[in-house]
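Take a look at the structure set out below.
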Amino acid sequence: MSQFRPISLCNVIYKIIAKVLVCRMSEVLGFCINEAHGAFVPGRLISDNVLIAYEVLHSLKMKKRGQKGNFALKLYMSKAYDRVEWDFLAGMMKHLGFHEEWIILIMRCVCSVSYSMSLNGCTSDWFSPSRGLRQGDPLSPFLFLICAEGFSILIEEAKRKGLMQSAHVGRARFSINHLFFPNDSILFGDASCKEAEAVRDVIKEYESISGQRVNFEKSLIYFGANVNNEVKENIINLLGVRMAHNPEKYLGLPMMVGRKKSWAFANFANRFRKRIEGWSLRYLSIGGKEVFIKSVLQAIPLYAMQCFLMPKMFYRKLEGIMNKFWWTNNKSSRSIHWSRWEPLCRPKNDGGMGFKDLVLFNKALLAKQRIGTGCDINIWNDPWLPGREKNRVSAQQILPNWTSVNQLINCETYTWNEELLFNIFDVDTARRILSIPIADCRTEDLRVWKYEGSGEYTVKSGTLSVETICPLCKEGPEDADHIMWSCEIVKSIWKSLNIVAPSFELSLGVFDDGNGGVLRHREILSPSSSSLVIKNWKPPDLGFIKLNFDAAFQNDTKIAITAVLARNSEGNIVGAETCLFRDVNDAFVAKARACERAISMAATWGFLRVIVEGNSLTVIKSIKKRQNDKSILRLITQNIFFLETCFEEISYQFVPRVVNSAAHSLALEGRRRQVFRVWDDGLPDSVQMVVLKDRSAWTH
449 MSQFRPISLC NVIYKIIAKV LVCRMSEVLG FCINEAHGAF VPGRLISDNV LIAYEVLHSL
509 KMKKRGQKGN FALKLYMSKA YDRVEWDFLA GMMKHLGFHE EWIILIMRCV CSVSYSMSLN
569 GCTSDWFSPS RGLRQGDPLS PFLFLICAEG FSILIEEAKR KGLMQSAHVG RARFSINHLF
629 FPNDSILFGD ASCKEAEAVR DVIKEYESIS GQRVNFEKSL IYFGANVNNE VKENIINLLG
689 VRMAHNPEKY LGLPMMVGRK KSWAFANFAN RFRKRIEGWS LRYLSIGGKE VFIKSVLQAI
749 PLYAMQCFLM PKMFYRKLEG IMNKFWWTNN KSSRSIHWSR WEPLCRPKND GGMGFKDLVL
809 FNKALLAKQR IGTGCDINIW NDPWLPGREK NRVSAQQILP NWTSVNQLIN CETYTWNEEL
869 LFNIFDVDTA RRILSIPIAD CRTEDLRVWK YEGSGEYTVK SGTLSVETIC PLCKEGPEDA
929 DHIMWSCEIV KSIWKSLNIV APSFELSLGV FDDGNGGVLR HREILSPSSS SLVIKNWKPP
989 DLGFIKLNFD AAFQNDTKIA ITAVLARNSE GNIVGAETCL FRDVNDAFVA KARACERAIS
1049 MAATWGFLRV IVEGNSLTVI KSIKKRQNDK SILRLITQNI FFLETCFEEI SYQFVPRVVN
1109 SAAHSLALEG RRRQVFRVWD DGLPDSVQMV VLKDRSAWTH
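Counting from 449, one number per residue, gives the positions in the sequence shown under my numbering.
See the structure below:
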C-alpha cells in the first residue's frame, strides 16, 4: 500500500471552475509566495532556480580556502501531493491573508473528491479521503505552493533566530538559503553539526504539521571543497542522507557543468537516438520525418538551451544524428546525404526545410537588450533602434566623438537631447530614437527579444512570419484599412451580416488597441471575461474618483493624443485633459502613456482614492503584474509605480471599449480639434453626450 497511487478524474465542469479560480489566485501568488519558489508563479521561471543553484554549487566547488564551509542539501518529498493535510492547507491560506469565503470555496473543491477501489474485478463502495491533492486538478500545483510556503516560513524563522545560516556567493556576499520546487528542494547553509541539527528540527516540524515526508533515500548532500572529512561524516550521520561527490541533476538539468559541457549534456544525444529507435522508419513519410524533427527532436534540448551556451561541437553531433535520420531510406539503413545540414536550415521559400540552426537558436534564447542608462550600448554597432528592421544606425553616419547612448541623454532632465539627435542623425533615425521611452530611475541596459511584447524570447515568436501580406486574401498589406474593410473576405462578412462597414475612426481605434491581439489571437480574440459582463459604465463608490483613459494613435505621424476623464460617484466630471505625445512608436506605448498621464493628473488634482479604468488589456495586465518585465512598457510602468505613492488607494480595471467610450471620444476630439489642455469647461458636445448616456444607463 506504500505505492498506492489514486487516479483522479475531474469532469469538464469542475475543471472550468478550477481554472477560473486558478486565474484569479495566480494574480496574487507573487505577493505571498517566497521568491525561492520558481514554479507556477506568474513572472517567475523554473530556469531561474536552475541558474541560481548552478552558481551556488559552482561557488561551493571553487571555495577551497577559509575555515567555514557550506553544504547543499537536496531534499526529495515523498508523494508530495498525496500527503497534504487539508487543515494545514486551510490554515496556511488564512495565514497568508486569503478571505474566509475564498478559503471555503477552495476547500470545497479540495474535499469534494471520492474514490472507489477495484480489487480482482470487484469494485468497492465509494469513500472519501481525509487528505491529499488530486493529480490532474488545475488547482493542485498552486495549492501545494501555499503548503510549501509553510516550509519556507519555518526556514526564514530559523534564520532570524540565528539557528540557520545562508550560503554566500561571490565577493558581493550574495546569500541564499533555499530554493523550492514542488517535490525538489535545496537547502544551503554552513557545514556544521549545529546547523545540521537546526535543519533536521525544521524538517521534522514541517513534517509533523503538514503531513509531508522527506524521502532520505533519494535525498543527497554536497559539501564545499573546504569542508573536512570528519565534519562531513558527522553531518551525514546526523541527517541520514547520502553524500554526492558530484551534484546530480536538478529540475532535469545538471547542477554542475564545468568545462566539459559536451560530457555534461551527452545524454541529449542518447535521447535523440532512443526517440529515433522508438519510431520505425518504414512508418514515416518524408513529411512525417519533417514534423518529427521539428516537433520532437529539436524540442528536446530547448529547456537546457535557455540556461546554458553549449559548445558548437555538441550541436554538430546532434545535427549529424538528425541529418542521418532525414536521409535514411525507409527500406534500408543505408543512405546518401544529398545535402549538408546547413542548407536544410534555410526557410522553405529559400530552398531549405526550415529546420533550426541549433547554434544560432541557442544564442537567440540567451540574447536580450533594453535601453537603461545607455552606458553599455554602442551607438554605431549595437542594434538598439526600435522596430523589427534596420535596428542599427547607418555606418555612413559614424562620428567618433559620440560612442555610447548615454551621451545622447540629458543628464539633468533624463530625457533625450533632441537638438543633439537632429544634429547627429537624419530625421527618421532621430524620430525613432525619440520614440524610446526613458524612466526617471536609472536602470541597467538589458537585451530583449524584439519580436515579443514582453521582451522575453518565446519559441512561438521566434518562428513567426514577418510578412505583412494579409493571411486571408493574400493580396494586400495588412494595415488598419485593409483588416477592417478593404479585404475582400472582410467585405463579404460585412455584407453577409447586413452590416454597414464601420467608420475609419472606429476601425483605426480597434486596430491600434488590438493589433497584437489580431495577429497573435490575444487581446481581440481572447478578451477578458469581464468584457462579457460589463456593458455599461459604472460610477465609483462614494469617496472614490474613477479615471478613464484612452489614446488616439496615428501610425504615419507617430503622434499620440491621450485623454483622461475623471468622474465622481454621481457620474459628474471633475477633471478632463488631452495631451500630445510625439515620436510614439507603438499603440500600446500610447495607451501606457495615457494611463501614466491619468495617474499624474489625478495626483495634481489632489485625488486620494482612485480607480483607473481603460480598454487596453495589455497595459492593465502589465501594471497589475507588479514585476519588472523586459517589455518596452516597463519604463512607463516604473514611473506609474512611483506616482502611486501619492494616493491612499488605487486600483486598475480593464473594460471593453463600449464602456470606455467617453475617454475614447475625448481623444478623438482632441485629435480633430488639435486641442491639448486641461478642459476646465467647454467639453465637446460629443463627449458630454457620452457622459450623459453613461450616467443614465447606470441609473436605469
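Here a beta-carbon is modelled for each residue, glycine too, at the ideal position from N, C-alpha and C.
Remember, it's a predicted structure, so these values are computed and weren't measured experimentally.
Residue i - DSSP class collapsed to helix/strand/coil
i: Lys522; result: strand
i: Thr1052; result: helix
i: Trp534; result: helix
i: Thr571; result: strand
i: Gly1015; result: Rather than Gly, the amino acid found at residue 1015 in this sequence is Arg. It is a strand residue.
i: Tyr529; result: coil
i: Gly964; result: Only weak support exists for where Gly964 lies, its pLDDT of 45 falling under 50; the value from the coordinates is given anyway. Reduced to three states, the DSSP call for Gly964 is helix.
i: Phe1102; result: strand
i: Trp864; result: strand
i: Val1126; result: strand
i: Asn777; result: coil
i: Ser1144; result: helix
i: Val662; result: strand
i: Arg836; result: Because Arg836 sits at a pLDDT of 45, beneath the cut-off of 50, its placement in the model cannot be relied upon, and the following sentence gives the value as read from the coordinates. Three-state result, Arg836: coil.
i: Ala615; result: strand
i: Val1022; result: strand
i: Leu627; result: strand
i: Asn1087; result: helix
i: Ile784; result: coil
Other residues of its chain near residue i: CB distance less than 7 Å, five sequence neighbours each side excluded
i: Ser1113; result: Ser1134, Val1135, Val1138
i: Leu594; result: Per the sequence presented here, residue 594 reads as Ile, with Leu not at that position. Hits under 7 Å: Leu537, Met540, Met541, Leu544.
i: Phe575; result: Ser562, Tyr563
i: Ser1109; result: Val1138
i: Asn497; result: Gly486, Leu627, Phe629, Leu699
i: Glu767; result: Trp789, Leu806
Beta-carbon proximity check, residue i vs residue j, cutoff 7 Å
i: Leu523; j: Ser640; result: no
i: Ala606; j: Val650; result: yes
i: Leu1065; j: Phe1102; result: yes
i: Ile1059; j: Pro1132; result: no
i: Ile724; j: Phe773; result: yes
i: Ala644; j: Ile683; result: yes
i: Tyr499; j: Cys755; result: In the sequence as displayed, the identity of residue 499 is Leu instead of Tyr. Yes, the pair counts as a contact, with Cβ atoms nearer than the cut-off.
i: Leu920; j: Ile937; result: yes
i: Ser783; j: Trp775; result: yes
i: Leu602; j: Leu521; result: no
i: Val504; j: Val617; result: yes
i: Phe488; j: Phe590; result: yes
i: Ile884; j: Leu869; result: no
i: Val1126; j: Glu1025; result: yes
i: Arg579; j: Trp534; result: yes
i: Asn516; j: Ala673; result: Rather than Asn, the amino acid found at residue 516 in this sequence is Lys. In this structure, Ala673 does not lie closer than 7 Å to Lys516 by Cβ.
i: Asn984; j: Ala1145; result: yes
i: Ser1070; j: Thr1085; result: yes
Sequence-distant residues of the same chain with beta carbon closer than 6 Å to residue i, five excluded per side
i: Val705; result: Ala712
i: Gln613; result: Gly637, Asp638
i: Thr1010; result: Ala999, Cys1027, Arg1041, Ala1042, Arg1045
i: Phe1036; result: Thr1066
i: Ala878; result: Leu869, Phe870
Residues sharing a beta bridge with residue i, DSSP
i: Met691; result: Ile669
i: Lys697; result: Pro702
i: Thr1010; result: Ala999, Cys1027
i: Asp989; result: Asp989 is not bridged to any residue.
i: Ala1061; result: Looking at the sequence provided, one finds Glu at residue 1061 rather than Ala. DSSP output for Glu1061 lists Asn996, Gln1101 as bridge partner(s).
i: Asp632; result: Tyr524
i: Tyr563; result: Phe575
i: His485; result: Phe628
Neighbourhood of residue i by C-beta, 8 Å cutoff - its chain only, sequence neighbours within 5 removed
i: Gly688; result: Phe664
i: Gly569; result: none
i: Ser572; result: Ser564, Met565, Ser566
Determine contact between the segment 992-1004 and the segment 1040-1047, defined as no fewer than three beta-carbon pairs at a distance below 8 Å.
-> yes
Tell me, please, whether the segment 733-741 touches the segment 757-764 by the rule of three or more beta-carbon pairs shorter than 8 Å.
-> no
Check whether the segment 1093-1110 touches the segment 1025-1032, taking contact to mean three or more Cβ pairs, one atom from each stretch, closer than 8 Å.
-> no
Count the CB pairs spanning the segment 513-533 and the segment 577-596 that are closer than 8 Å, and state whether there are at least three.
-> yes
Do the segment 456-464 and the segment 577-586 touch if we need at least three Cβ pairs shorter than 8 Å?
-> yes
Is the segment 472-485 touching the segment 624-635, taking contact as three or more C-beta pairs under 8 Å?
-> yes
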